[in-house]
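Numbering (the numbering used here), first residue to last: 5 to 319.
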C-alpha cells in the first residue's frame with residue numbers, strides 16, 4: 005500500500021508547545037469547536053487557539069466543570085454535549101446550526117480510556133461509542149456549517165497499536181478487554197479522518213488524525229497506581245517518568261494540525277510530534293501508524309457501519 009505517511013520536516017518536535025505550534029498564525033475571525041476543550045490537552049488547545057484570536061465553542065458533558073476551568077478565558081462559549089448520547093449530539097448540532105455561523109476548525113479531543121465495561125445508547129461499548137460514534141455523528145450533523153478551507157482534527161492515540169476495528173464484534177459481546185476496546189476506538193479515530201478527508205476534500209475540507217503523546221491527565225482516571233507504573237507513566241512513588249509530555253506539549257500536535265500552513269493541500273494522514281508520522285515499524289515498535297489504521301478499504305467500511313449505527317451520513 006502506497007502512503008503519504010512520511011515526515012515533512014516541520015521543524016517542530018516532541019517538546020513543542022501548543023503556543024509555539026500556532027505562533028505567528030492569526031486566527032482572528034475564525035471559529036473552532038473543541039470537544040473536551042476544558043480539561044487536559046483540550047484545555048490547552050482552547051488556550052492556544054483563543055490566544056491566536058479564534059472564537060472557541062466548547063461542548064461539555066460537565067458544564068459546571070467547564071465553566072470553572074474556562075473562567076477568565078476570552079472568546080469562549082460553552083454548550084452542553086454528551087458524546088455517548090446521540091440525542092444530545094443532535095440537539096447540540098441543531099443549536100449551533102441555528103446560529104448561522106461557519107466552522108473553520110473542528111477538534112475532537114474528548115474521549116475516555118480503558119474504562120470498565122460500560123454500555124451506552126442501544127448497548128454500544130462506551131469507548132467506541134464516545135470516542136468514535138459520537139464524533140462521527142457530530143461532524144456529519146454539522147456538515148453544512150464547515151467553511152471552505154476548514155480542518156477536522158480527530159484525536160487518536162498510539163493506543164491504536166492495540167488492535168484494529170473488530171467488525172465482527174464491535175461491542176465486545178464475546179468478552180470485554182478495556183485496552184483492546186480502547187485500541188479499537190483509537191483506530192476508528194484514524195480511519196474516520198482517512199475517509200472523511202476522501203469525501204470532503206473536493207469541498208475544501210481536510211481531515212487529520214494524530215497521537216498527542218504520553219501525557220498524565222484526567223484521561224487516566226480509570227487506571228490505578230500499579231497500572232500507571234506498568235504503563236511507564238509514573239514510577240513507584242507516583243512521580244511522572246521521563247518522556248511524558250506536559251499538557252501544553254500534548255496539545256501541540258492537534259493545534260498544529262488545525263492551523264499550520266505546512267499542511268495546506270494535505271489530509272487523511274496521521275500525525276505525531278507536530279509532523280506527519282512514518283508507518284509503524286514491522287518489528288512491533290510503538291511509533292508511527294499501523295497499516296490497518298490508514299487502510300482506505302477499512303476506512304470506507306467503518307464509515308458505512310458508523311452511518312448505519314448512527315443514522316447520519318451527510319458527506
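We put the beta carbon where it would ideally sit given N, CA and C, even for glycine.
When the options are compared against residue i, the one with the closest alpha-carbon
i	options	result
residue 157	114, 30, 313, 132	114
residue 207	149, 196, 218, 122	149
residue 294	219, 218, 276, 191	191
residue 213	97, 198, 100	198
residue 89	49, 127, 138	138
residue 136	194, 258, 105	194
residue 118	124, 163, 249	163
residue 183	121, 301, 306, 56	121
residue 4	47, 37, 75, 291	The question about residue 4 has no answer, for the chain in this structure spans 5 to 319.
residue 54	63, 43, 33, 40	33
residue 133	319, 310, 71	310
residue 35	79, 277, 21	79
residue 41	83, 57, 160	83
residue 314	60, 124, 77	124
residue 178	255, 129, 45, 273	129
residue 64	318, 19, 93	93
residue 15	285, 291, 264	264
residue 99	75, 58, 116, 146	146
Buried/exposed call for residue i, threshold 16 Cβ in 10 Å
i	result
residue 9	buried
residue 287	exposed
residue 51	buried
residue 11	exposed
residue 105	exposed
residue 299	buried
residue 253	buried
residue 225	Low confidence applies here, because residue 225 scores a pLDDT of 49, under 50, leaving its location unreliable and the question unanswered by this model.
residue 171	exposed
residue 81	exposed
residue 272	buried
residue 268	exposed
Length of the line joining the Cα atoms of residue i and residue j
i	j	result
residue 185	residue 168	10 Å
residue 109	residue 262	6 Å
residue 304	residue 28	37 Å
residue 140	residue 85	14 Å
residue 24	residue 281	19 Å
residue 312	residue 166	25 Å
residue 95	residue 39	15 Å
residue 174	residue 297	15 Å
residue 70	residue 189	24 Å
residue 31	residue 91	32 Å
residue 143	residue 257	20 Å
residue 209	residue 160	19 Å
residue 73	residue 62	11 Å
residue 202	residue 270	11 Å
residue 18	residue 56	21 Å
Counterpart residues of residue i in DSSP-defined beta bridges
i	result
residue 89	Residue 89 is not bridged to any residue.
residue 210	155
residue 215	276
residue 83	63
residue 298	Paired residue(s): none; residue 298 is not in a bridge.
Quick check for students: name the residue ranges of the beta strand (DSSP E) that lie wholly in the region 115–178, counting only runs of 3 or more.
Fully enclosed beta strand (DSSP E) runs of 3 or longer: 150–159.
Counting only runs that start and end within the region 264–293, where is the beta strand (DSSP E) found for 3 or more residues in a row?
Counting whole runs of 3 or more residues, the region 264–293 contains the beta strand (DSSP E) stretches 273–276.
Mind pulling the alpha helix (DSSP H) runs of 4 or more residues that sit fully within the region 22–78?
You should have 22–25, 44–55, 67–73.
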